[in-house]
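Take the sequence shown: its letters are residues 8 to 469, numbered as in our numbering.
Backbone N, C-alpha and C fix where the C-beta goes; we use that ideal spot for every residue, glycine too.
Here the structure comes first, spelled out in structure tokens, and everything after it is commentary.
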Amino acid sequence: MTPQTGHRLWLLAQRAQRIAQMELPEPVLTAATSVLLNDLSCAMLASGPVVDKATVLVSMSGTRRRNAATPLGTRAKHDPSDAAFLGGVRTHALALDSTHYPSQAHLGSAILPALLATAEESGITGSALVSALVAGWETAALVGEAFVSGVMARGLRASAAFGGIGSATSAAVAAGLDTQGIANAIALSVNFSAGLSRTFVDGSDDWSIQLGLSAQAGVRAVQLVRAGFQGAAGTFHDDALPLLWHDDARRGDHVTAAHRLDHELEPDSCVKWRIIDTVYKWYSACNILQAPIALAVGFVPKLAADPASIKEIRCFLNPEDWAYPGICNARPQTLSGALMSAAYCVATTLTHGELDLDLLHQPHNDAQAAHLSERVRIIADPKLPPLAARLEVTLANDRTLSNTLVPTDDTFAFTWGRLSDICADRLKAAGHPPSQFGTLASTVASVTTLQEATPLIAAACL
């Protein structure tokens with residue numbers, strides 16, 4: 008591969024290298040450490056049947072090499088690619104992980120497990136680890152923003168499509184690969200970049216392993232490069248992109264999308280630092296449902312703990328949010344269906360006063376919330392921006408409660424202090440001693456002073 012044969016791919020790799028070698032601005036460092044804090048605490052909190060099955064699966068493969076890695080949230084040792092897979096599953100298990108919303112992708116759950124598995128093996132410093140995280144995030148977010156509409160139109164899940172690109176970039180940088188090596192790793196990772204959003208409609212387990220596979224793809228891509236494999240130089244050429252991420256209905260859009268990359272890939276172009284746009288969640292549900300759930304929580308005191316008094320509920324969402332797979336699920340039977348269902352999440356919140364994670368794991372056992380969810384209508388409203396919601400609750404006496412939440416830049420972009428409090432409360436509620444979160448928070452806060460990644464991984468172990 009040369010700069011001429013793989014023009015866009017080469018420039019992506021060069022850009023990632025350039026970012027990794029920069030002195031990162033303070034807001035970028037804060038954003039990166041916030042991703043570490045939130046997503047490592049998610050890995051510590053991970054529970055449920057899917058996590059158990061993934062743990063058994065990885066354990067069956069054994070530790071096949073001397074330079075083994077530690078899956079996030081555990082103390083076991085496994086092959087780095089297996090460790091990355093389990094770490095990705097754990098980080099994404101409760102749907103509380105960080106999101107780059109413009110690309111609709113949970114990048115942290117893909118990048119961090121691959122990066123930490125590679126860092127544990129390569130022995131890079133904490134400062135280099137943060138730089139590799141940012142390099143991978145900026146690469147995946149840039150590509151994701153350009154192509155997300157085509158990916159989603161084809162029925163693919165953005166996290167699965169772009170997560171592997173981020174994990175491969177971060178792992179390649181952490182492994183010390185040169186520009187050609189990084190480019191090859193990115194190209195090879197695209198071969199693993201797949202996953203359907205249909206999982207949220209059917210309530211299947213696919214969603215729960217997609218980020219694990221994306222994390223694994225990053226480690227595997229680096230392993231392939233080290234073994235001498237080369238990726239397709241034309242991965243991002245105009246004629247290749249429709250085959251990857253665009254269906255017939257959008258033919259021709261790929262040129263416009265690809266060209267969105269070009270002006271940011273020039274060596275002297277400014278980096279937009281998309282990691283600063285990371286959003287976090289108050290509730291264990293889809294990002295789209297954070298506003299409706301928050302509005303439902305606000306209505307609870309006005310209902311006098313009597314959901315039976317509710318005659319009808321109308322939940323208005325932005326049309327693109329409304330159309331996202333799973334949002335209009337009526338009677339979910341599984342966790343994946345429940346955490347995407349606007350009707351069920353709103354009904355559960357109004358029934359129990361909060362979004363009960365245990366009930367989300369077994370929605371078929373909550374007859375009261377299921378009955379109320381049948382009275383919820385989900386309506387597309389073009390006047391609402393993305394992530395906004397309007398909730399109207401009509402009571403039996405025909406009185407209507409109504410409120411609208413339009414998120415600002417601060418609504419889901421938490422400060423370090425707010426995020427720390429939320430993560431600490433979650434771990435405490437799950438039965439973890441306060442000292443455990445204190446160790447994690449202090450280690451993450453001082454990550455750039457660490458001589459190696461091992462203390463960071465140890466702080467996230469149970």
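When DSSP reads this structure, Glu459 sits in no beta bridge, so it has no partner. In the three-state scheme derived from DSSP, where H, G and I count as helix and E and B as strand, Asn191 is classed as helix. For Glu327, the enclosing alpha helix (DSSP H) starts and ends at Pro326 to Trp329. Secondary-structure assignment with DSSP links Asn410 through a beta bridge to Leu398. Cβ-Cβ distances below 6 Å link Gln237 to Asn191 in the same chain, with the five nearest sequence neighbours on each side left out; the list follows chain order. If you check the CB distance, Val155 and Leu342 do not come in under 9 Å. Taking all protein chains in view, the Cβ of Arg397 is crowded by 16 or more other Cβ atoms within 10 Å, so the residue is classified as buried.
Counting along the chain, Val286 sits inside no beta strand (DSSP E), nor does DSSP assign it H or E at all. In this structure, Ala76 sits away from Gly95, with a CB-CB distance that is not shorter than 9 Å. In this structure Val413 is exposed. Its beta-carbon is surrounded by fewer than 16 other beta-carbon atoms within 10 angstroms. Annotated three-state conformation of His270 is helix, per DSSP. Look at Thr418 here: in three-state DSSP terms it is coil, with no helix or strand label.
Where Ala387 is concerned, the enclosing beta strand (DSSP E) starts and stops at Val383 to Ala387. Bridge pairing for Arg321: Arg384 and Glu399 [DSSP]. Assignment of alpha helix (DSSP H) within the region 36-110, counting only whole runs of 4 or more residues, yields 56-68 and 87-99 in chain order. Counting only unbroken stretches of 4 or more residues, the alpha helix (DSSP H) elements lying wholly within the region 161-215 are 165-181, 186-197 and 206-209, in sequence order.
In terms of Cβ geometry, Leu457 and Thr446 do not form a close pair [threshold 9 Å]. When Leu310, Ala175 and Lys288 are compared, the shortest CA-CA separation from Tyr108 is found for Lys288.
The beta-carbon distance between Ala121 and Gly225, rounded to whole angstroms, is 3 Å. This is short enough to meet the 8 Å contact definition. Apart from sequence neighbours up to five positions away, the residues of its chain that approach Tyr331 with a beta-carbon distance below 7 Å are Ile295, ordered along the chain. Taking the Cα positions, Gly235 is about 21 Å away from Asp89. CA-CA distance, Leu119 to Ala315, rounds to 45 Å.
Distance from the Cα of Gly210 is smallest, within the candidate group Gly344, Gly424 and Asp417, for Gly344. Taking 9 Å as the cut-off, the Cβ atoms of Ser166 and Gly143 do not count as close.
Spanning the alpha carbons of Pro308 and Thr407 requires a straight line of approximately 14 Å. In this structure, Ser105 sits near Gly115, with a CB-CB distance shorter than 9 Å. The beta-carbon distance between Trp423 and Thr98, rounded to whole angstroms, is 19 Å. This is too long to meet the 8 Å contact definition. Ranked by how close their Cα comes to the Cα of Ile282, the residues Met67, Leu163, Ser138 and Lys60 have Ser138 in first place. Secondary structure at Ala467: coil, using DSSP grouped into helix, strand and coil. When only Cα atoms are considered, Arg338 and Ile429 end up about 30 Å apart. DSSP places Ala234 outside both helix and strand once states are collapsed to three, so it counts as coil.
In this structure, the straight-line span from the alpha carbon of Val180 to that of Gln28 is close to 10 Å. The beta carbon of Gly438 lies closer than 7 Å to none in the same chain, with the five residues before and after it left out. Here DSSP, grouped into helix, strand and coil, assigns Ala436 to helix. Counting along the chain, Thr356 sits inside the alpha helix (DSSP H) bounded by residues Ala349 to His359. With respect to the 9 Å criterion, Ser48 and Ala452 are not classified as neighbours on the basis of their beta carbons.
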